[in-house]
Each structure stands twice: as structure tokens, then as C-alpha cells.
Amino acid sequence: MIWNVEEYNNITVLCLKGALNGESVTSIQDAVLNQIQEGKRVLLDLAAVPYLSSAAVRFLLSLYRTIRDKNGTMALAGLTDDVSDVLSMTGFLDLFHTYSDRGTALALM
Numbered sequence: 001m002i003w004n005v006e007e008y009n010n011i012t013v014l015c016l017k018g019a020l021n022g023e024s025v026t027s028i029q030d031a032v033l034n035q036i037q038e039g040k041r042v043l044l045d046l047a048a049v050p051y052l053s054s055a056a057v058r059f060l061l062s063l064y065r066t067i068r069d070k071n072g073t074m075a076l077a078g079l080t081d082d083v084s085d086v087l088s089m090t091g092f093l094d095l096f097h098t099y100s101d102r103g104t105a106l107a108l109m
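Here is the structure:
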């Protein structure tokens with residue numbers, strides 16, 4: 001898993017690349033949570049994430065709750081069909097605002 005953090009107009013953009021599974025979640029979870037500040041808008045760019053495990057779904061839910069509890073908002077961009085299907089089947093897709101790509105998300109957030 002490769003990831004980086006960017007800032008655009010008070011939006012924290014987390015760009016993830018690679019499979020998001022138990023091992024990768026463990027390696028990035030604390031660092032990602034440390035990037036979240038109170039009242040922030042957070043965008044996860046998942047365009048380069050081909051796979052989500054159940055650990056990754058739990059991580060997204062935890063991240064969502066942390067951001068919500070700090071009065072922030074979270075959105076997902078660039079979902080592949082497989083990632084979208086996993087989130088839809090688990091019922092978590094309804095929790096997030098989703099956008100087709102990062103540019104659209106940044107323009108509308």
C-alpha cells in the first residue's frame with residue numbers, strides 16, 4: 001500500500017494505491033488518523049485501490065466515525081467497480097458521499 005496526503009482548499013485528500021487489506025490497514029491506520037483534524041473535510045481517493053478486505057471496510061467505518069465525531073465530513077472518489085460492490089453489499093456505501101473522480105469531488109465538496 002502506497003499512500004500520501006495532500007491539501008486542497010481545506011480538504012485533506014488521502015490518495016491510496018494498492019490493495020487495502022488487513023496488513024495495509026495496520027500499517028497506515030495510525031498515520032491516517034493523525035492527519036485528521038477537527039472540522040476537516042476528508043476525501044479518500046480510491047481510484048488506484050483494486051480491492052477492499054473486511055478489515056479495510058472496518059477501517060473506513062472507523063475513519064468515518066472519527067471524522068463525524070470531530071464535526072467533519074468524509075467522501076470517497078474514484079471507486080472501482082469491485083470496491084463499489086463491496087461497499088454496497090456491506091451497506092456502507094450509503095454512509096459516504098461518492099464522486100466519480102478526485103476533480104469532481106474537490107469541485108463539489
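Numbering-wise (my numbering), the sequence shown opens with residue 1 and increments by one.
Note that the Cβ used here is the ideal one computed from N, Cα and C, for glycine as well.
query, result
"Under the three-state DSSP convention, the category Thr110 falls into", "Any answer about residue 110 is impossible in this case: the structure gives the chain only from 1 up to 109."
"Same chain, Cβ closer than 7 Å to His97, five either side skipped, listed in chain order", "Ala75"
"Nearest neighbour of Leu20, chosen from Ile11, Val57, Arg41 [CA to CA]", "Val57"
"Strand pairing of Glu6, partner residues [DSSP]", "Val13"
"Residues bridged to Asp85 (per DSSP)", "BP columns for Asp85 are empty, so no partner."
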